[in-house]
Each structure stands twice: as C-alpha cells, then as structure tokens.
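Residue numbers for the sequence shown follow this note's numbering, so the first one is 111 and each next one is one higher.
Positions of the beta carbon are idealized from the N, C-alpha and C atoms, including for glycine.
These figures come from a predicted structure and were not determined experimentally.
Worksheet for the structure shown next.
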Amino acid sequence: MRYRNVIFDMDGVLIDNSAGIISCARETVKALGLRDLSDDEYELFIGPALMWSLKAYAGATEEESERGYEIYRKLYFGRGINEYVVYDGVEDALKELTAAGVKCSVASGKPAESVRRILAESGLGKYFVRAEGCEKPKKDSDKVRQLRLAIADEPAVMVGDRIFDIEAAEAVGIDCIYAEYGFCVPGETDGIKPAFYAKTPRDIADIVLCRGKYA
Numbered sequence: 111m112r113y114r115n116v117i118f119d120m121d122g123v124l125i126d127n128s129a130g131i132i133s134c135a136r137e138t139v140k141a142l143g144l145r146d147l148s149d150d151e152y153e154l155f156i157g158p159a160l161m162w163s164l165k166a167y168a169g170a171t172e173e174e175s176e177r178g179y180e181i182y183r184k185l186y187f188g189r190g191i192n193e194y195v196v197y198d199g200v201e202d203a204l205k206e207l208t209a210a211g212v213k214c215s216v217a218s219g220k221p222a223e224s225v226r227r228i229l230a231e232s233g234l235g236k237y238f239v240r241a242e243g244c245e246k247p248k249k250d251s252d253k254v255r256q257l258r259l260a261i262a263d264e265p266a267v268m269v270g271d272r273i274f275d276i277e278a279a280e281a282v283g284i285d286c287i288y289a290e291y292g293f294c295v296p297g298e299t300d301g302i303k304p305a306f307y308a309k310t311p312r313d314i315a316d317i318v319l320c321r322g323k324y325a
C-alpha cells in the first residue's frame with residue numbers, strides 16, 4: 111500500500127455535475143447583466159469558489175458577485191445540486207480501497223451542506239471517514255484548510271482535477287494524483303507536476319495499492 115489515506119475532491123473526481131453548475135452559472139451571469147461567456151469559460155466555474163469565478167471570468171464587481179452568490183445559491187439548491195452522475199468506476203475504486211484498509215476522505219470547494227447531501231443521496235457516504243467543504247462559501251474557498259482537515263492518516267494523497275488541488279497538496283506536503291478524466295484545463299500542470307496521473311477512477315486504486323503498472 112502506497113498511501114493509507116486518499117483524499118478526494120468531489121467535482122470532476124467523484125461526480126460529474128457540470129450540467130448543474132454550468133446551467134446555474136449561466137443563469138446567474140444573465141441575471142446580473144454581465145456578458146455571456148463561452149461554453150469553455152463556463153466550464154472554468156467548476157472547482158473554484160463562485161464569487162471568485164464571477165469576478166475572474168465574468169468581470170463581476172464585488173457587489174455583483176455578492177448578488178450573484180445569492181442568485182446562484184437559490185438556483186443550485188433548487189435543482190442544480192441534483193444534476194450530477196457518479197463517474198463510472200468510482201464506487202468500485204472506493205470499495206477496493208476501503209476493503210484494503212485505506213481511509214477515504216473528501217476535501218471539496220463546494221459548500222459543506224452540498225458535500226454532505228450529495229454523499230448521502232448518491233450512496234457514497236459510507237466509504238468516507240471525513241468530508242470537508244466550505245462552511246462560508248461566499249468568499250474564496252480555502253482548499254489548503256479543507257485538505258488539512260480531511261487528512262485522516264498518513265501517508266496521505268490528494269486526488270484532484272484542477273491546479274488548485276495540486277497546489278493545496280503541495281502546500282500541505284502530500285502527493286497529488288491528477289484525475290485526467292475530470293475537468294482538467296490544458297496546460298495547468300506545466301509548471302507544477304502531480305505525483306501520478308489517473309486516466310480513470312480505477313487507476314486511483316491501482317496507484318494506491320501498488321498494482322499493475324503502478325507496482
């Protein structure tokens with residue numbers, strides 16, 4: 111066993127919830143009267159804190175991002191939170207890891223209530239010993255803090271699909287597995303490299319348990 115604790119990001123690693131996030135973000139931008147964005151730009155909303163994304167990608171002011179948060183929250187908890195699918199192979203990987211004695215955790219930039227609800231309703235909650243999200247999601251999410259709180263044993267590894275996950279793992283002093291099947295942005299890892307790349311959720315179990323080409 112290479113790691114005793116695997117810490118998963120949620121969006122783009124455990125679930126594909128792009129449809130819910132993008133549709134709610136699109137309606138929020140429209141309601142604020144900001145310029146419409148391309149599909150590629152809306153995909154960048156998956157991962158970072160919403161207010162940061164509104165300012166960074168849609169040019170929102172601080173006041174507009176505050177209003178946007180309230181608009182988005184109503185849309186997301188009204189319907190967007192249910193628009194997701196669990197990636198094929200995720201539950202199999204979680205079963206194998208927990209059966210081998212590996213502790214699994216979640217460290218997500220999503221609001222903590224979203225994390226808990228999705229884990230419960232998807233049936234994945236039983237595999238995790240800890241699940242951390244943003245308690246105050248109106249401002250920029252602190253992935254480093256969430257990651258530290260999610261560590262349940264050592265050595266630990268973070269599984270993420272964005273540069274924010276790799277940077278947080280580096281800041282905490284643990285390895286990162288980059289989930290290439292998620293919402294990766296081309297070129298994001300040019301300046302900072304993860305320890306491993308996973309093309310599918312099944313690769314994560316092989317990496318952690320030192321199987322196959324990862325032995």
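Judged by pairs of C-beta atoms under 8 Å, the segment 177–196 does not touch the segment 289–304, as fewer than three such pairs exist. By the C-beta density criterion, Asn-115 is buried, having at least 16 other C-beta atoms within 10 angstroms.
In terms of Cα proximity to Gly-235, the closest of Asp-271, Arg-258, Val-196 is Val-196. DSSP, read as helix, strand or coil, puts Ala-217 in strand. Gly-130 is a Cβ neighbour of Ile-191, given a cutoff of 9 Å. The three-state secondary structure of Glu-151, taken from DSSP, is helix. Under a 10 Å Cβ-count criterion, Lys-220 is classified as buried, with 16 or more other Cβ atoms of the shown protein chains found around its own Cβ. In this structure, DSSP gives Cys-134 a helical state, which the three-state scheme calls helix. Just so you know, the alpha carbons of Asp-126 and Glu-173 end up roughly 30 Å apart. Following the DSSP letters along the chain, one finds Ala-159 in no alpha helix (DSSP H), marked with neither H nor E. With fewer than 16 other Cβ atoms inside 10 Å of its own Cβ, Ala-141 counts as exposed. For Ala-210, the secondary structure class from DSSP, reduced to helix, strand or coil, is coil.
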